[in-house]
Amino acid sequence: MFKLLSAIAGAFTVAAAAPAGVTTAYDITMKTIDGKPMPFSAYRGKVLLVVNTASFCGFTPQYEALQKVQKTFTPKGFSVIGVPSGDFLGQEYKSNSEIKQFCESKFGINFPMTEKSKVTGRDAAPFFAWAGASLGAPKWNFHKYLVGRDGRLIAGFPSTVKPDAPEVTLAIEKALAARA
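Using the working numbering, the letters of the sequence shown map in sequence onto residues -12 to 167.
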């Protein structure tokens, strides 16, 4: 059933055009889950794993692995950034405060989260419009994009690849070893 739903969602996923003037993640600003500006330039020199998240998805348990990866790699110059979205079957709370409360109480999330955003189509949030134009738009919740210290995209990992899977952690380690 999940494969069928994923295939249907993927068939209707439209990549947004990359925003004009955006060449690296550092050119992008979103809003935090609390509504404050969140310039990605604040993460200059860090490796980022940007993930579209959802609270009511079969992949929601990946929050645990995201927090584990955050704890493991933060001291080396790394951060997860969660981007809650209801793009796929509306599997997210309606309000940012509900999302934040859920993430903190159920999974102990302490990595940065943006406000609830669209991650596909013409109205995709700036990061997802930019990343999707290069590596393809997410086809489901918990799609992961790896950004290097220089702010450029390195790789994308689909929902089925867990954040602590060897291919993700090895890519993070390689990116951390590189200089911006």
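Backbone N, C-alpha and C define an ideal beta-carbon position, used for all residues, glycine too.
Just so we're clear, the structure is a prediction, and the values are computed from it rather than from any experiment.
query: Between alanine 29 and aspartate 151, is the Cβ-Cβ spacing less than 7 Å?
result: no
query: Tell me, which residues are paired with serine 66 by DSSP?
result: Looking at the DSSP output, serine 66 shares a beta bridge with Leu35.
- prompt: Mind checking serine 121: buried by the 16 CB within 10 Å criterion, or exposed?
  reply: exposed
- request: Determine, using beta-carbon pairs with one atom in the segment 95 to 109 and one in the segment 18 to 38, whether at least three such pairs fall under 8 Å.
  value: With the cut-off at 8 Å, the segment 95 to 109 and the segment 18 to 38 touch.
message: Could you tell me which whole alpha helix (DSSP H) segments of length 4 or greater appear in the segment 105 to 135?
response: 113 to 122
query: Does DSSP put isoleucine 96 in a helix, in a strand, or in coil?
result: coil
message: For a quick check, are the C-beta atoms of glutamine 49 and lysine 161 less than 7 Å apart?
response: no
query: Taking C-beta to C-beta, are serine 42 and glutamate 79 nearer than 7 Å?
result: For the pair serine 42 and glutamate 79, the CB atoms are nearer than the 7 Å cut-off.
task: If I'm right that threonine 170 touches glycine 138 with Cβ under 8 Å, what's the distance once you round it to whole angstroms?
output: This structure leaves residue 170 out entirely; the chain is present only between -12 and 167.
- prompt: Should serine 84 be labelled buried (16 or more other beta-carbon atoms within 10 Å of its own) or exposed?
  reply: Under this definition serine 84 is an exposed residue.
task: Using a threshold of 7 Å, state whether the C-beta atoms of tryptophan 127 and phenylalanine 75 are closer than that.
output: yes
- request: Have a look at the DSSP bridge pairing and note the partners of proline 150.
  value: In DSSP, proline 150 forms no bridge with anything.
Top-ranked residue by Cα proximity to leucine 133, from Met100, Pro26, Gln54 and Thr156: Thr156
Among Gly8, Gln54 and Glu154, the one whose alpha carbon lies nearest that of isoleucine 93: Here residue 93 is lysine; the residue named in the question, isoleucine, does not match the sequence. Nearest C-alpha to lysine 93: Gln54.
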